[in-house]
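Visitor: Residue numbers (this note's numbering), protein chains in the order written: chain A, 23 to 261; chain B, 715 to 1210; chain C, 1141 to 1640; chain D, 438 to 546; chain E, 576 to 676.
Note that CB positions come from ideal geometry on N, CA and C, so glycine has one too.
Because the structure is a prediction, the values reported are computed rather than measured.
This structure is in structure tokens; I'll ask about it shortly.
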Amino acid sequence: MGKVTPKSPLPIRIAALAICAGVGALLSRAVLAIPETESGLAPLVDANLEASGVKNAVTAVLLNFRGYDTLLEIAVLMLATIGVLSLSVTQKGTWDPIAAQADPVLSALARFLAPVMILVSGYLLWAGEHAPGGAFQAGSVVGAAGVLLALSGYARPAWISRFALRAAISVGFIVFIAVAIGEMIAGGLLLQYPADLAKTLMLLVETWLTVSIGAILVSLFIASASPAEELRMRSGGER
Amino acid sequence: MAEWIVRQLPALVILMPFTAAPLAYLLGAKFGRPIALVSALLSQPLALLLAIRVSRVGTLRYEVGGWGGPLGIDLVVDGVAAVMVLVTTVVGLFVTVYALGYFGDRERYRFFWPLWLFLWGSLLALFLSGDIFNLYVCLELVSMSAVALVGLTLSREALVAAMRYMLAAILGSLFYLLGVALIYGAFGSVDMQTLREVIRGDTTGQAALALMTVGLVLKTALFPLHFWLPPAHSNAPSPVSAVLSALVVKGSFYILVRLWVDVAQTAAFPGASTVLGVLGATAIFWGSIQALRQERLKMLVAYSTVAQIGYLFLMFPLVTGGGPAAADAWTGGVFHAVSHALAKSAMFLAAGTVLARFGHDRIEGLGGLSRRAPATAMTFGLAGVTMMGLPPSGGFVAKWQMIRASIESGQWWWAVVVVAGGLLAAAYVFKVLGPFFGREPEAMDEADLDPGPSPWTMEGAALALALGSLVLGVLGQPLLDLIMVSAPALVAGVTP
Amino acid sequence: MTWETTALVGAVGAPFLTAVLIFALGEHRDAARSRINLAGAALTVVAVVAAAVAARAGAPDAYPSAGIALLDIGFSLRADMLGALFAVVAGVLWLITTVYAIGYMSRASDRARFFGFFSVCVGSAIGIALSANLLTFFVFYEVLTLATYPLVIHSGTPAALKGGRTYLTYALPAGGALAAGVVWLNLIAGPVEFAAGGSLDPALASTHPGALIAIFALLILGVGVKAALFPLHGWLPAAMVAPAPVSSLLHAVAVVKAGVFGIARIVLEVYGPLGHELGVTQVLAALAGFTIIFGSVRALAQDDFKKRLAFSTVAQLSYITLGVALASPIAIAGGIAHLAHHAAMKITMFFTAGAVSEEVKAYRVSEFDGLGRRMPLTMTAFSLAAIGIVGVPPVAGFTSKWLLGVGSIDAGSGWVIAVLGISSVLNAAYFFPIIHRAWFRTPKPEWAHGPAAGKPEGDMRMIVPLVMTAAIGLAMGLLAGVALSPASWAQTVAAWEFPW
Amino acid sequence: MSQTDLYTLAGSTLFVIGLYGLMTRPHLLHKVLALNISSAGVFFVLVGIARRIPGTTPDPLPHAMVLTGIVVTVSSTAFALALAKRIFTETGTAALDASDVDVEEDAGG
Amino acid sequence: MTASGWVFDILLVGTLVWLAVRALAEVKLFKAVVLFIAFGLLVALAWVRLSAPDIALAEAAIGAGITGALLLDAVGHMRGRAEPYPTSPDAEKSSGGDADG
């Protein structure tokens, strides 16, 4: 069995040090030279905040002004999930195997925390319109709740089929795309929210995004988490 | 309806694969295959329409969200963007057709379809983006899908190669993102059109460009940062190798060119373009010599990519001076990217056919291939013509323009590099073609294992791409004209 | 499209189309392949003859042409009289060679590949003949380079692969030099169309003398390899590993003539009087003169029949180069005429080599004793061709040598007479011994009574073509004075090529 | 020296630390950690820039960028870790280079 | 900004850098990951200091939470068969104390 040496050979470390010194010098000089007068796009964002349909500037940027970035970002998340699934030993993306590691204390805690976290995420989703929060934060909390549940040994509920899991993973992106196309059909451009519907549509997108982000984060963990059974089997058959 | 399509064209082009991708995942492999094929077919008229539209009316600007830059994100389709979309779409179609035969309905590769469609969409998004932060997201999308595709075979080599690729790609993205941060800090925008007016070669501007260049060069695998490419490209499943070499490396290169030629107009670094040129020349020699030393077909082709990437970077020193030389270097560089995309994908697909059929790709074991798989041998030969830059091939037209630009700008040494590089390419192409035309290997084990011809769709798709790279050499003028449509000011000779 | 342009495009297109069909048919459908090949070759003959008729009708300034935009020059074809001559030679000999090759290759493997690439080669040669500018010329020139490779290494033996490598080692760098020269010239002089009397602006001689000389060197380096100009000739003997039809049509006609034809285009129709003014054609003439002697001397020493023929080709090609490099219309006519004359004679000889090796497995001159008894028709044809090459009237070779000699005096280059004289003696010295052996030495016992009773002396598909080409060679010499003979045609062309 | 300067400099330092770690630590897990630290460095630069004009509300654009960046980073981290684990399962080591393995084996054996 | 604010910021930044170095220098992967999670939590704190509560929320949940869980799982996976760096107990003792800085 192979072992990994903790250090690289000295010449590599010296070269790396030299490179890092160069990059560091370049970077420090550059960040210190950034003018304190360049206001960037903040005034423009402020001026258009009204028209964006939400009051939280960050949410306005993420969902409206630069909603396209966010659309692609969900694609990144989905991609990572598909990638992780393609690497997982079973390639099934199910929740079951984790159950083997149940821990009573953790599971009690999870039983208490999970509903609270779902509530919190709902709040974050709603609050994102005017205060810190939004789909990502909400989705992360849902994801965290899911991971906690998984860690504490809760198996995948029987009613969640594999298809449903895939649907949960992709629904955010699909709804986002559907809304985008709908806006185009309605006469606008890609992701151009009609003024009167902006808030509603954004909330719709965000809601499904929250579901997807949660499902994705959990799946990332579950699919990548090594099934205990598999581990035992493999550690028996040494190379 | 027609008017609507024309208006929404840039968005539709991107949405096609991006709509198909989640569906292909959601509905599973059984539906993934037809979905991919339909998406590939529907993309063709869209890309063609986009190219025609651009050649008629010049740059198309599509304001996503209706805000317009710099607040919103613009899709910008000028000549070069339209060309890249077109080549992506064409290569994409043939790779899709090939992959249908190559993967069949093997359960293990069911994730290929959504990943490939995501990669396709990401590339299109990248080529059309007019916003440097949006480009960061596109880069990440491209890398993530590309890495996942490399690892699909789950062989040890492929996994390690994917990991190496992944680390290089993330690091490259981080360098790029740092540059974006500095640019936003110093110049207050991430919209290319706005930046073009305000960007300066001051401390921050230079540092930003330097960081972004390092990141993109790492992702493009320019010598000496090419270490990750040969293992990744050679160990990936062949349709993936084809896409990686043909399109993915061009993605980061495309951003680099946009930054330098279009946005910064090379003003920021007078000397750096020479450095890039020298690295490009070194890549040509190093990659070719390494290719010559390979015993495995796919490794050879992968090192050939390292070499061919070098040509792309010769564009920088030739474009810097402006004038007619810049225009020639510009068309030459872009045309090289296009013809290499067709030829290299053809080569990898041909190598894949060999690998799938004989179970190995050791060159010495492939003697007499022209007898056993004539179409595949022919594909390799025709694609080789473009690698060598001989007429009639797209590679020839590209090299013609580069040689022209070298002499025009008084930098004749680049012409010597171009010609010498072509000869080295000939050396490694004929290293393969010789045995193909030669006798069968003494030990005929391979032939005994030969399960018979591959599906004609596979051989046909590869051959079509190779022929495409050849046709470009004679019928390439419309493409050359398209590349110059709304070309950057530096290239078009317009004083900004 | 008028019939003229149809003929022009058809002449180039027909062989390529034939190639595509042959590749598509695959290895095993021999009968269909033969039919298509013959039909394609016949169609090509019709097209090139029609193009030649059109060229003659349109001469000297209304040649039929066709083209598409490519780069800043354009990819364009034109049927002028000089090109038509080469095209007709290539087309007609292809038809004959096809018959020969069907016979020769009947037992060989990879026939689809062979005939496919063969057609590509012929198409490129005709394309070279009918190119309107250097870019188009270069495109076909390189296609020819590449398409020849699979033919050279056809047998797939290590020796063949080595020959192929040698060929590429010469041909590919030459292509690079040619490309660089064409691009450079194009930058200095703008799009260069071929034009009788030279197309370069005379003022360039004073503004860019150095560049023009360098470009000339690059261009001649490029085409000189195929023209087997010393010291670029080394690939030709090595390429003799190829099957006989390849040596016959390609290494005696299409490929090597493409080289000298390129020299003719460059010297006469690009540089024109500038070449003389810059002093580059004089150097070229001297080089050609040396190559003539060198090739002949080397031929003397070869026992391998095909190698002897190959070195003879090296020498004979330089007659053409020499002719066009001399500043005299008569010499130019001699050079151009020799392009056709040598083709007919040398292809006969290579056909002979193939027929002999297939029929009696004789590969060396020393194995030819008494061969005349065994294969009388074949050796008669060979002898006729050999006499022609030596320059004995009335066979074609005499006419071209005569024109060359007169022309050299006209051009004031008397030394050429000496070269011609020495060369003729050497030609005789390496060909007459073969004739002598074949007819006057004692044959092997099994050859003494001729071919087996009731059987022809060999595969008639091979014998008939070589008799035909020998007859053509004889006819070219006998009918040199007739208006449509190559010699007269060449004199008409030369009159325009040398208006200065 | 402003708060922006402090945090952008810290970001630069973190980026470089991550870079060094990525180049010198052979273990894949360390490399993933290094990239995460570098990412954090880049985010510090961005958020620092968002506050470059003293006394105003921070620029929301870099914040949005960082949010996007965090999501991207966690995606890549998850995928990279899955890859690393799979490599470990297949090869029994968690390094890119087989030579890194040999060195230790000699030393430890 | 107040003096105490400065002190806090400088301490925070210093700790962050220290944790980053420690996490990368630590040979025991479990410890390294724990150090990294601590790093992530402090990063979230820094976002609060920089008036970026949106990011702070996401960082706490994703950066420290999910990433931490993923990292711990990865360590566990590699532990499942072998110790992260040294693969045998003896080897661990010999190199365990070696903190590469």
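Near residue 638 of chain E, what residues of its chain come up, given a Cβ to Cβ distance below 8 Å and the 5 sequence neighbours on each side ignored?
Guide: Within the fifth sequence, the letter at position 63 stands for residue 638 of chain E. Contacts found: 615, 618 and 619.
Visitor: DSSP has residue 1218 of chain C in a bridge; who is on the other side?
Guide: Here residue 1218 of chain C refers to the residue found at position 78 when the third sequence is read from its first residue. Per DSSP, C:1205.
Visitor: Kindly give me the distance between the Cβ atoms of residue 1244 of chain C and residue 1383 of chain C, rounded to whole angstroms, as I take these residues to be in contact under 8 Å.
Guide: Numbered from its first residue, the third sequence carries residue 1244 of chain C at position 104. Numbered from its first residue, the third sequence carries residue 1383 of chain C at position 243. About 7 Å separates the two Cβ atoms, so the contact holds.
Visitor: Under the DSSP definition of a beta bridge, which residues are partnered with residue 1333 of chain C?
Guide: As a working mapping, residue 1333 of chain C is identified with position 193 in the third sequence. DSSP lists C:1273 as partners of residue 1333 of chain C.
Visitor: According to the neighbour-count rule (16 or more other Cβ atoms, all chains shown, within 10 Å of its Cβ), is residue 744 of chain B buried or exposed?
Guide: Translated into positions along the second sequence, residue 744 of chain B becomes position 30. By the neighbour-count rule (16 or more Cβ atoms within 10 Å), residue 744 of chain B is not buried but exposed.
Visitor: What does DSSP give as the partner residue(s) for residue 843 of chain B in the beta ladder?
Guide: Numbered from 1 along the second sequence, position 129 holds the residue referred to as residue 843 of chain B. In DSSP, residue 843 of chain B forms a bridge with B:789.
Visitor: Closer than 8 Å, Cβ to any Cβ of chain B: which residues of the stretch 1240-1272 of chain C, in chain order?
Guide: 1249, 1250, 1252 and 1253
Visitor: Provide the residue span of the beta strand (DSSP E) that contains residue 1247 of chain C, from first to last.
Guide: Counted from its first residue, the third sequence places residue 1247 of chain C at position 107. Counting along the chain, residue 1247 of chain C falls outside any beta strand (DSSP E), and DSSP gives it neither H nor E.
Visitor: With a threshold of 6 Å on Cβ separation, who are the neighbours of residue 1011 of chain B within its own chain once the five nearest residues in sequence on each side are excluded?
Guide: In the second sequence, residue 1011 of chain B corresponds to position 297, counting from 1. Answer for residue 1011 of chain B: 1065, 1075 and 1077, listed in chain order.
Visitor: Which residue spans inside the stretch 1064-1097 of chain B form an unbroken beta strand (DSSP E) run of at least 3?
Guide: none
Visitor: Can you round the beta-carbon distance between residue 921 of chain B and residue 52 of chain A to whole angstroms, since I take them to be within the 8 Å contact cut?
Guide: Walking along the second sequence from the start, residue 921 of chain B turns up at place 207. Walking along the first sequence from the start, residue 52 of chain A turns up at place 30. Here residue 921 of chain B really is in contact with residue 52 of chain A; their C-beta atoms are around 3 Å apart, less than 8 Å.
Visitor: Tell me the DSSP secondary structure of residue 1534 of chain C in three-state form.
Guide: Start at 1 with the first residue of the third sequence, and residue 1534 of chain C comes out as number 394. Three-state DSSP puts residue 1534 of chain C in coil, outside helix and strand.
Visitor: How many angstroms separate the CA atom of residue 729 of chain B from the CA atom of residue 1007 of chain B?
Guide: The count along the second sequence starts at 1 and reaches residue 729 of chain B at position 15. The count along the second sequence starts at 1 and reaches residue 1007 of chain B at position 293. If I take the Cα positions, the gap works out to 43 Å.
Visitor: Does any residue of chain E have a CB that is nearer than 7 Å to the CB of residue 484 of chain D?
Guide: Position 47 of the fourth sequence holds residue 484 of chain D. Yes, its Cβ sits closer than 7 Å to a Cβ of chain E.
Visitor: For residue 776 of chain B, write down the residues that DSSP places opposite it in a beta bridge.
Guide: Here residue 776 of chain B refers to the residue found at position 62 when the second sequence is read from its first residue. Beta-bridge pairing links residue 776 of chain B to B:789.
Visitor: Anyone know if the C-beta pair for residue 1412 of chain C and residue 1338 of chain C falls short of 7 Å?
Guide: Indexing the third sequence from 1 puts residue 1412 of chain C at position 272. Indexing the third sequence from 1 puts residue 1338 of chain C at position 198. Yes, they are a contact pair.
Visitor: If you draw a straight line from the C-alpha of residue 987 of chain B to the C-alpha of residue 846 of chain B, how long is it?
Guide: The residue given as residue 987 of chain B occupies position 273 in the second sequence. The residue given as residue 846 of chain B occupies position 132 in the second sequence. The straight-line gap from Cα to Cα measures roughly 21 Å.
Visitor: Is it buried or exposed, residue 1143 of chain C, if we count other Cβ atoms within 10 angstroms and call 16 or more buried?
Guide: Within the third sequence, residue 1143 of chain C is the residue found at index 3, counting from 1. Exposed, because fewer than 16 other Cβ atoms sit within 10 Å of the Cβ of residue 1143 of chain C.
Visitor: For residue 1600 of chain C, count the other beta carbons within 10 Å of its own beta carbon; 16 or more makes it buried, fewer makes it exposed. Which is it?
Guide: Looking up residue 1600 of chain C in the third sequence gives position 460. Exposed, because fewer than 16 other Cβ atoms sit within 10 Å of the Cβ of residue 1600 of chain C.
Visitor: The ligand FAD and residue 812 of chain B: does any heavy atom of the ligand fall closer than 6 Å to the residue's C-beta?
Guide: Ligands displayed in this structure: none; no statement on the ligand FAD is therefore possible.
Visitor: Should the stretch 991-1001 of chain B be called in touch with the stretch 1083-1097 of chain B, which here means at least 3 C-beta pairs below 8 Å?
Guide: no
Visitor: What number of angstroms, rounded off, separates the C-alpha of residue 1050 of chain B from the C-alpha of residue 1260 of chain C?
Guide: Looking up residue 1050 of chain B in the second sequence gives position 336. Looking up residue 1260 of chain C in the third sequence gives position 120. Their backbone Cα atoms lie some 26 Å apart in a straight line.
Visitor: For residue 62 of chain A, which residues in chain E fall below 8 Å Cβ to Cβ?
Guide: For the purposes of this step, residue 62 of chain A is identified with residue 40 of the first sequence, where counting begins at 1. In chain order: nothing, as chain E lies at least about 15 Å away.
Visitor: Determine, for residue 952 of chain B, whether the minimum Cβ-Cβ distance to residues of chain A falls below 7 Å.
Guide: Locating residue 952 of chain B in the second sequence gives position 238, counting from the first residue. Taking Cβ atoms only, chain A never reaches closer than 7 Å to residue 952 of chain B, which makes this a no.
Visitor: Which residue marks the beginning of the alpha helix (DSSP H) containing residue 1377 of chain C, and which one marks its end?
Guide: In the third sequence, counting from the first residue as 1, residue 1377 of chain C sits at position 237. Where residue 1377 of chain C is concerned, the enclosing alpha helix (DSSP H) stretches over 1375-1378.
Visitor: Going along the stretch 918-948 of chain B in order, which residues come within less than 9 Å of chain D, judged by CB to CB distance?
Guide: Within the stretch 918-948 of chain B, no residue qualifies.
Visitor: Could you tell me the distance, in whole angstroms, from the CA atom of residue 1362 of chain C to the CA atom of residue 528 of chain D?
Guide: Position 222 of the third sequence, counting from 1, holds the residue named residue 1362 of chain C. Position 91 of the fourth sequence, counting from 1, holds the residue named residue 528 of chain D. The alpha-carbon of residue 1362 of chain C is positioned some 54 Å away from that of residue 528 of chain D.
Visitor: With 7 Å as the threshold, decide whether the Cβ of residue 472 of chain D is near any Cβ in chain E.
Guide: Along the fourth sequence, one-based indexing puts residue 472 of chain D at 35. Not flagged as an interface residue toward chain E: residue 472 of chain D, since no C-beta distance is shorter than 7 Å.
Visitor: Is the beta carbon of residue 504 of chain D less than 7 Å from the beta carbon of residue 158 of chain A?
Guide: Along the fourth sequence, read from residue 1 onward, the residue named residue 504 of chain D stands at position 67. Along the first sequence, read from residue 1 onward, the residue named residue 158 of chain A stands at position 136. In this structure, residue 158 of chain A lies closer than 7 Å to residue 504 of chain D by Cβ.
Visitor: Counting only the same chain and skipping the five closest in sequence on each side, list residues whose C-beta sits under 8 Å from that of residue 756 of chain B.
Guide: The residue given as residue 756 of chain B occupies position 42 in the second sequence. Cβ contact annotation for residue 756 of chain B (same chain, cutoff 8 Å, sequence separation greater than five): 730, in chain order.
Visitor: With a threshold of 7 Å between beta carbons, is residue 104 of chain A in contact with chain B?
Guide: The residue you call residue 104 of chain A lines up with position 82 of the first sequence. Taking Cβ atoms only, chain B reaches closer than 7 Å to residue 104 of chain A, which makes this a yes.
Visitor: Please go through the same chain and pick out, in chain order, the residues whose beta-carbon is closer than 8 Å to the beta-carbon of residue 1001 of chain B, but skip the five residues on each side of it.
Guide: Locating residue 1001 of chain B in the second sequence gives position 287, where the first residue counts as 1. The residues are 937, 940, 1017, 1018, 1019, 1020, 1021, 1022, 1023 and 1024.
Visitor: Return the CA-CA distance between residue 1080 of chain B and residue 872 of chain B, expressed in angstroms with no decimal places.
Guide: Position 366 of the second sequence, counted from the first residue, corresponds to residue 1080 of chain B. Position 158 of the second sequence, counted from the first residue, corresponds to residue 872 of chain B. If you take the alpha carbons of residue 1080 of chain B and residue 872 of chain B, they lie about 23 Å apart.
Visitor: Leaving out five residues on either side along the sequence, give the residues of the same chain with a beta carbon under 6 Å from the beta carbon of residue 813 of chain B.
Guide: What you label residue 813 of chain B is simply residue 99 of the second sequence in a count that begins at 1. Only 953 meet the Cβ criterion.
Visitor: Out of curiosity, what's the CA-to-CA distance linking residue 223 of chain A and residue 215 of chain A?
Guide: By one-based count along the first sequence, residue 223 of chain A stands at place 201. By one-based count along the first sequence, residue 215 of chain A stands at place 193. Those two C-alpha atoms are separated by around 7 Å.
Visitor: Roughly how many angstroms separate the alpha carbons of residue 1190 of chain B and residue 1290 of chain C, rounded to a whole number?
Guide: As a working mapping, residue 1190 of chain B is identified with position 476 in the second sequence. As a working mapping, residue 1290 of chain C is identified with position 150 in the third sequence. C-alpha separation (whole angstroms): 27 Å.
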